[in-house]
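K.L.:
The structure's right below; bear with me while I get my questions together.
Chains as they are written, first to last, in our numbering: chain A, 301 to 793; chain B, 301 to 793.
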């Protein structure tokens, strides 16, 4: 009989990592020997009162370090410490604890699952013929040798000029502004972070928020201030109090169709936040990755367009409106910021892939991008209608959800005491999945929340998927309520 | 008459930035008003005893911030502070001082200049037809929608598997190792740095070294320990003393054809360094970007291949052996390190461009890469012969230079008191250029050193370029020696 691990749910170190350490010690001390079988994940989860995904995550980590080996249908076996090579380094000590949350295993690549897990466009909509034509034009163009040669940190100059002129026409780039091309919006965020954020700098950001954003600032040692986004949008009043009181160095906002909530700031909020940020000396980073994907309602100016004082950095990308596999995004900012971003970009990866930049320039300048966007907007309107109707029709009474007018995401808050993470495995078994809300939390996670990313699915799939979810949530709610009512009433003493 | 700036050559802040600050203050205080003309760069340089490039760099920075405006043939004029928009942020305070050295303006893109400045392949050798064929195959392949869709941080899986299998066959990947694809070697370095290096960690690296490497670790606040590379190679004895005494966390080495010196570690040195690093618990990062470009002599195993204990991380790239404009490199390392690099890659840019990865996979798997490499090796042998012969024939007596057997760079040390930076402008005027050695220095820059990157040029250009340089260096040496001998001998007292 193995010793029961001492797990501390209140610790900073997640449970799966505590469990991983427990087994590592047993293997290193010889309590578990080569060939020993580990308990099945389900069994151990029951024994320790843990979620099965926690146990699986621990086992995956053990396997990735070569300490155990899983055999399909047979379970996991200790392969021992001989994989830790003689004289080897103690990598765990060298690497330290990364602090990154483990995300549950997703089944996205399984064709039979209706996955609401990824905020990305549908590949069924990809205009492959138009992509090929753009590729052909670049391949046979006179510039091809230069495109394949080492380029400049600012980006492929013809694309950079094209984007800059567009940004100027739109009023997004002001006199004194410049533009840098990055490998998608994620790199734009990373580079802005690199240039602006030092340890303990105050960074205000939406809560919940896209994990790739909060983890980036957390890795940099920033002091994160989460501003609640509820079903009716960002808590602007609270944000303005934070700006006045804490004067954060940076405020990161997704003004339109925020990920994960889908919420959008109205014009009045944009103007008011801009005024307060200016007073506080706070730099606004406006992540406008979804802004081009409005399916209903009137377009709004970006905060960058409203900003006469040059305190906003705007981030955009081709990823959500064309091909995410080609990594091309950009930032528009005052020249002094772009100059510094060029240095950071140079250190990050010299420059972004030039062939993809050249192909996307052809794709955009030929009008193909705009034609594709109309198709995407049409499809998006259908998808949005389907997901909102299905949420209203199928989710249990008491569920709240956001009503975005564009983008890729709807945010759902289930009635208490449902836990979206606990129900994920069951959803996957029944043919659908989503991302539990806790992965997006900056401060306290709300266990009942989840994100439905609908842009990758057709209206029928969306309806079917939400229907399955509704059934799972309702039946679990019934079960929990029944079990409560069955609990014996304690004797009054 | 304007006040003379108080410049401090011993300061950490470079002279050009001190000069920039001086003018900023004059403009902000109103001492210089809108429309005032600044002294010509040549004139001011003479007045202050500065290099003209220093003055130009200061003016460029002033112009980039909208404080002055240059008019061709007329000079630079103050445009004033009204460009600093009302209510705007104080970007200089927010951004702080970047610490990055300004590199002199290069004329590389000028077709008429013989440029030894860039360590990159010749685009005349690019196999464009083979690139197009590889592109066609990917474009019309069955995978294309998946390639254009969001991918995984580890890289395009078929390419990742292809590279991993190759690395295993070669003995570069050991059992327990894994591979991650990055956007070129620069990003591999950046991600390794992100995962391994914290403020004040000791990092040993070659001195001189590629600036993109030292700046990366410097930005991270590492404590850099420079290990001298002289004409006869890395000072292995000193390195081993550093390993034993300082036990640095990381040792970064380019074992073959180091940039900028072209020097290569022999087998004995590799084995001995590996032993000492293991004893010291030091992680070796082996930057093997030029290893495939040996034009003479016998191939050597990489340190990674010699390392039984799993303490080495190997970095490679397609950039130097095919198309640098496609940003694809990779790292091979123990699984625990790769797992952490995946997280950092995800935060950096989600994943590298998938179309380029797929095209390079076709280019490699079809045998086209290997065929191209034979051409490059043939051309490289000619280039190397030409540059070494030209250095021997044309450079002044007393010049030392390295004799690499591959790669792209020769390192030259001119006789004292020649200063390679001072002579650069003259070289550019006479139709050639190079990078002064001081940009590669970790500790004390040697003013007489310079890097000749020969891979972008044909043998005739190489001979002509080195001949021009030889004439400039010789005539300057004569001039300096004449001026010394003319100096009055002080009276003995």
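A virtual CB, placed ideally from N, CA and C, is assigned to each residue, including glycine.
All of these numbers come straight from a predicted model, not from anything done at the bench.
Please list, in chain order, the chain B residues whose beta carbon lies closer than 8 Å to that of residue 618 of chain A.
P.N.:
Residue mapping note: residue 618 of chain A aligns to position 318 of the first chain, counting from 1. Per Cβ cutoff of 8 Å: no residues; residue 618 of chain A is ~11 Å from chain B at best.
K.L.:
Residues of chain B with CB closer than 8 Å to the CB of residue 420 of chain A, please, in chain order.
P.N.:
Locating residue 420 of chain A in the first chain gives position 120, counting from the first residue. Within 8 Å Cβ-Cβ: 449 and 450.
K.L.:
By how many angstroms is the C-alpha of residue 782 of chain B removed from the C-alpha of residue 386 of chain B?
P.N.:
Locating residue 386 of chain B in the second chain gives position 86, counting from the first residue. Locating residue 782 of chain B in the second chain gives position 482, counting from the first residue. Low local confidence applies: a pLDDT of 47 at residue 386 of chain B is under 50, so the model's placement there is unreliable, and no value is given.
K.L.:
I'd like the list of long-range same chain contacts for residue 592 of chain A, defined as Cβ closer than 7 Å, with 5 residues on each side in sequence excluded.
P.N.:
In the first chain, counting from the first residue as 1, residue 592 of chain A sits at position 292. So the qualifying residues of the chain are 621 and 673.
K.L.:
What number of angstroms, rounded off, separates the C-alpha of residue 569 of chain B from the C-alpha of residue 639 of chain A?
P.N.:
Here residue 569 of chain B refers to the residue found at position 269 when the second chain is read from its first residue. Here residue 639 of chain A refers to the residue found at position 339 when the first chain is read from its first residue. Rounded to the nearest angstrom, the two C-alpha atoms are 42 Å apart.
K.L.:
DSSP three-state label for residue 633 of chain A, please.
P.N.:
One-based indexing of the first chain puts residue 633 of chain A at position 333. Strand at residue 633 of chain A.
K.L.:
Taking all protein chains shown into account, decide if residue 784 of chain A is buried (16 or more other Cβ within 10 angstroms of its Cβ) or exposed.
P.N.:
Counted from its first residue, the first chain places residue 784 of chain A at position 484. Residue 784 of chain A comes out exposed.
K.L.:
Kindly list, in the order they appear in chain B, the residues whose Cβ is closer than 7 Å to that of residue 398 of chain A.
P.N.:
Within the first chain, residue 398 of chain A is the residue found at index 98, counting from 1. Per Cβ cutoff of 7 Å: 640 and 643.
K.L.:
Taking Cβ-Cβ distances shorter than 8 Å, what residues in chain A pair up with residue 423 of chain B?
P.N.:
Taking the first residue of the second chain as position 1, residue 423 of chain B is located at position 123. Neighbours of residue 423 of chain B on chain A, chain order: 445, 446, 448 and 449.
K.L.:
Run through DSSP, which three-state label would residue 502 of chain A get?
P.N.:
Along the first chain, read from residue 1 onward, the residue named residue 502 of chain A stands at position 202. Strand, per DSSP.
K.L.:
Could you tell me the boundaries of the beta strand (DSSP E) in which residue 558 of chain A lies?
P.N.:
Locating residue 558 of chain A in the first chain gives position 258, where the first residue counts as 1. Premise fails: residue 558 of chain A is in no beta strand (DSSP E) and is neither H nor E.
K.L.:
Mapping DSSP to helix, strand and coil, what is residue 309 of chain A?
P.N.:
Translated into positions along the first chain, residue 309 of chain A becomes position 9. Residue 309 of chain A falls in the coil class under three-state DSSP.
K.L.:
Could you give the DSSP three-state label for residue 371 of chain B: helix, strand or coil?
P.N.:
Within the second chain, the letter at position 71 stands for residue 371 of chain B. Strand.
K.L.:
Have a look at residue 499 of chain B and residue 521 of chain B and give me their C-alpha separation to the nearest angstrom.
P.N.:
What you label residue 499 of chain B is simply residue 199 of the second chain in a count that begins at 1. What you label residue 521 of chain B is simply residue 221 of the second chain in a count that begins at 1. Residue 499 of chain B and residue 521 of chain B: Cα-Cα distance of roughly 5 Å.
K.L.:
Am I right that residue 585 of chain A and residue 552 of chain A are in contact with their C-beta atoms under 8 Å? What's the rounded C-beta distance?
P.N.:
Numbered from its first residue, the first chain carries residue 585 of chain A at position 285. Numbered from its first residue, the first chain carries residue 552 of chain A at position 252. Contact flag correct, Cβ pair sits at about 5 Å.
K.L.:
Determine contact between the stretch 574 to 590 of chain B and the stretch 604 to 618 of chain B, defined as no fewer than three beta-carbon pairs at a distance below 8 Å.
P.N.:
Cβ pair count under 8 Å is three or more, so yes.
K.L.:
Residue 648 of chain A CB to nearest chain B CB: under 8 Å?
P.N.:
The sequence position of residue 648 of chain A within the first chain is 348, counting from 1. Closer than 8 Å: yes.
K.L.:
Note down the Cα distance separating residue 324 of chain A from residue 334 of chain A, rounded to an integer number of angstroms.
P.N.:
Here residue 324 of chain A is taken as the residue at index 24 of the first chain, counted from 1. Here residue 334 of chain A is taken as the residue at index 34 of the first chain, counted from 1. Spanning the two alpha carbons is a distance of roughly 13 Å.
K.L.:
For the alpha helix (DSSP H) containing residue 725 of chain A, name the first residue and the last one.
P.N.:
As a working note, residue 725 of chain A is residue 425 in the first chain. Looking at the DSSP string, the run of the alpha helix (DSSP H) that includes residue 725 of chain A is 724 to 729.
K.L.:
If we ignore side chains and look at the alpha-carbon of each, how far apart do residue 718 of chain B and residue 346 of chain B end up?
P.N.:
Counting from one through the second chain, the residue named residue 718 of chain B turns up at place 418. Counting from one through the second chain, the residue named residue 346 of chain B turns up at place 46. So the two alpha carbons sit approximately 19 Å from each other.
K.L.:
Tell me whether residue 532 of chain B is buried or exposed, calling it buried when 16 or more other Cβ atoms sit within 10 Å of its Cβ.
P.N.:
Taking the second chain and counting its residues from 1, the one referred to as residue 532 of chain B is at position 232. Exposed, since its Cβ has fewer than 16 Cβ neighbours within 10 Å.
K.L.:
From which residue to which residue does the alpha helix (DSSP H) around residue 446 of chain A run?
P.N.:
Locating residue 446 of chain A in the first chain gives position 146, where the first residue counts as 1. Element bounds for residue 446 of chain A: 444 to 448.
K.L.:
Under 6 Å Cβ to Cβ from residue 383 of chain A, same chain only, skipping five residues before and after it: list those, please.
P.N.:
As a working note, residue 383 of chain A is residue 83 in the first chain. Confidence at residue 383 of chain A is low in this model, with a pLDDT of 48, below 50, so its placement is unreliable and the value that follows should be read with caution. Taken in chain order, the residues that qualify are 366.
K.L.:
Using 10 angstroms around the beta-carbon of residue 488 of chain A, count the other beta-carbons present and answer buried if the total reaches 16, otherwise exposed.
P.N.:
Taking the first residue of the first chain as 1, we reach residue 488 of chain A at position 188. Buried, because 16 or more other Cβ atoms sit within 10 Å of the Cβ of residue 488 of chain A.
K.L.:
For a test of the three-state rule: what should DSSP assign to residue 422 of chain B, helix, strand or coil?
P.N.:
Residue mapping note: residue 422 of chain B aligns to position 122 of the second chain, counting from 1. Correct three-state label for residue 422 of chain B: coil.
K.L.:
May I have the straight-line CA-CA distance separating residue 726 of chain B from residue 458 of chain B, to the nearest angstrom?
P.N.:
The count along the second chain starts at 1 and reaches residue 726 of chain B at position 426. The count along the second chain starts at 1 and reaches residue 458 of chain B at position 158. Rounded to whole angstroms, residue 726 of chain B to residue 458 of chain B spans 50 Å at the Cα level.
K.L.:
Return the first residue and the last residue of the beta strand (DSSP E) that residue 528 of chain A is part of.
P.N.:
Locating residue 528 of chain A in the first chain gives position 228, where the first residue counts as 1. Run containing residue 528 of chain A: 523 to 530, per the beta strand (DSSP E) assignment.
K.L.:
Mapping DSSP to helix, strand and coil, what is residue 347 of chain B?
P.N.:
Taking the first residue of the second chain as 1, we reach residue 347 of chain B at position 47. Correct three-state label for residue 347 of chain B: helix.
K.L.:
Going by DSSP, name the residue or residues bridged to residue 711 of chain A.
P.N.:
The count along the first chain starts at 1 and reaches residue 711 of chain A at position 411. Residue 711 of chain A pairs with A:751.
K.L.:
Below 8 Å on C-beta distance, what does residue 548 of chain B contact in chain A?
P.N.:
Your numbering for residue 548 of chain B matches position 248 in the second chain. The premise fails here: residue 548 of chain B is roughly 12 Å from chain A at the closest Cβ pair, so nothing lies under 8 Å.
K.L.:
Just to confirm, are residue 448 of chain A and residue 455 of chain B a CB contact at a threshold of 8 Å?
P.N.:
Here residue 448 of chain A refers to the residue found at position 148 when the first chain is read from its first residue. Here residue 455 of chain B refers to the residue found at position 155 when the second chain is read from its first residue. No, these two residues do not count as a Cβ contact at 8 Å.
K.L.:
Taking the C-alpha atoms as reference points, what is the distance between residue 618 of chain B and residue 641 of chain B?
P.N.:
Along the second chain, read from residue 1 onward, the residue named residue 618 of chain B stands at position 318. Along the second chain, read from residue 1 onward, the residue named residue 641 of chain B stands at position 341. Distance between the alpha carbons of residue 618 of chain B and residue 641 of chain B is about 19 Å.
K.L.:
Can you give the Cα-Cα distance for residue 720 of chain B and residue 752 of chain B, rounded to whole angstroms?
P.N.:
Here residue 720 of chain B refers to the residue found at position 420 when the second chain is read from its first residue. Here residue 752 of chain B refers to the residue found at position 452 when the second chain is read from its first residue. Taking the straight line from one Cα to the other gives about 12 Å.
K.L.:
Pull the bridge partners of residue 377 of chain B from the DSSP assignment, please.
P.N.:
Translated into positions along the second chain, residue 377 of chain B becomes position 77. According to DSSP, residue 377 of chain B bridges with B:337 and B:369.
K.L.:
Contact between the stretch 495 to 512 of chain A and the stretch 662 to 679 of chain A: three or more CB pairs below 8 Å?
P.N.:
Contact between the stretch 495 to 512 of chain A and the stretch 662 to 679 of chain A is absent, because fewer than three Cβ pairs lie under 8 Å.
K.L.:
Please confirm whether residue 515 of chain B has its beta-carbon closer than 8 Å to some beta-carbon of chain A.
P.N.:
Position 215 of the second chain holds residue 515 of chain B. Yes, because at least one Cβ of chain A sits closer than 8 Å to the Cβ of residue 515 of chain B.
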